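K.L.:
First residue of the sequence shown? That's 4 in the working numbering, and the numbers climb one at a time after it.
Ideal Cβ placement from N, Cα and C applies to all residues, glycine included.
A quick note: this is a predicted structure, and the numbers were derived from the prediction, not measured.
Take this structure first; my questions come after.
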Amino acid sequence: MGVKEFFRKRSPRFHRRVFISGENVHEVDQPEFDNHVVLCGYGRVGKYIGEAMLKLKMPFIAIDLDSEKVERLRSEGVEIIYGDAVNKEILDKADVERASVVVLALPKDHDVNL
Numbered sequence: 004m005g006v007k008e009f010f011r012k013r014s015p016r017f018h019r020r021v022f023i024s025g026e027n028v029h030e031v032d033q034p035e036f037d038n039h040v041v042l043c044g045y046g047r048v049g050k051y052i053g054e055a056m057l058k059l060k061m062p063f064i065a066i067d068l069d070s071e072k073v074e075r076l077r078s079e080g081v082e083i084i085y086g087d088a089v090n091k092e093i094l095d096k097a098d099v100e101r102a103s104v105v106v107l108a109l110p111k112d113h114d115v116n117l
């Protein structure tokens, strides 16, 4: 287990402050979105929401902190950004200001930061 992974598991807040910033955002070739859904978190609950939106062909972009999950989902055709959904730069990448809905499916440790 690397240092980054150690802090991600042991101290999520520290990990977000040190490792997740606008500088660490993976650039995504994504269309510009308008009137879409921004799904913050693609974990236990978020994946069901994402799967439903895919089946309904609803335009959405997801945000998640798990880099392996993000890469897997991208390979499956899901529009997803790697990063912290409480980071303004990440939200800007998801065109949150033009979204019709923002869905929060974040772990409990994000509650305080929102």
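For the stretch 22–94, list the beta strand (DSSP E) runs that are entirely contained and at least 3 residues long, ordered along the chain.
P.N.:
Runs found: 40–43, 63–67, 83–85.
K.L.:
Going by DSSP, which residues form a beta bridge with Leu107?
P.N.:
The residue labelled residue 107 in the question sits at position 104 within the sequence shown. According to DSSP, Leu107 bridges with Cys43.
K.L.:
Hey, Tyr45 and Lys72 are a contact pair by Cβ (cut 8 Å); roughly how many whole angstroms apart?
P.N.:
Counting from 1 along the sequence shown, the entry for residue 45 is found at position 42. Counting from 1 along the sequence shown, the entry for residue 72 is found at position 69. Right, their Cβ atoms sit about 6 Å apart.
K.L.:
Do Val40 and Ser103 count as a contact pair if the criterion is CB distance below 8 Å?
P.N.:
Position 100 of the sequence shown, counting from 1, holds the residue named residue 103. Position 37 of the sequence shown, counting from 1, holds the residue named residue 40. It is a contact, given that the beta carbons lie within the stated cut-off.
K.L.:
Rounded to a whole number of angstroms, what is the C-alpha to C-alpha distance between Ala65 and Leu76?
P.N.:
As a working mapping, residue 65 is identified with position 62 in the sequence shown. As a working mapping, residue 76 is identified with position 73 in the sequence shown. In a straight line, the C-alpha of Ala65 is about 10 Å away from that of Leu76.
K.L.:
Could you tell me which of Asp98, Asp69, Asp95 sits nearest to Leu109, measuring between CA atoms?
P.N.:
Here the question's residue 109 lines up with position 106 in the sequence shown. For the residues Asp98, Asp69, Asp95, the minimum Cα distance to Leu109 belongs to Asp69.
K.L.:
Taking the straight line between their C-alpha atoms, what separation do you get for Phe36 and Met61?
P.N.:
The residue given as residue 36 occupies position 33 in the sequence shown. The residue given as residue 61 occupies position 58 in the sequence shown. Between Phe36 and Met61, the C-alpha separation is close to 11 Å.
K.L.:
Measure the beta-carbon distance from Cys43 to Val105 and round it to whole angstroms, keeping in mind my assumption that it falls under 8 Å.
P.N.:
Here the question's residue 43 lines up with position 40 in the sequence shown. Here the question's residue 105 lines up with position 102 in the sequence shown. Sure, about 7 Å apart at Cβ, within 8 Å.
K.L.:
What residue from Leu57, Lys58, Glu79, Phe63 has the CA that sits closest to Asp98's CA?
P.N.:
Along the sequence shown, one-based indexing puts residue 98 at 95. Per the Cα distances, Phe63.
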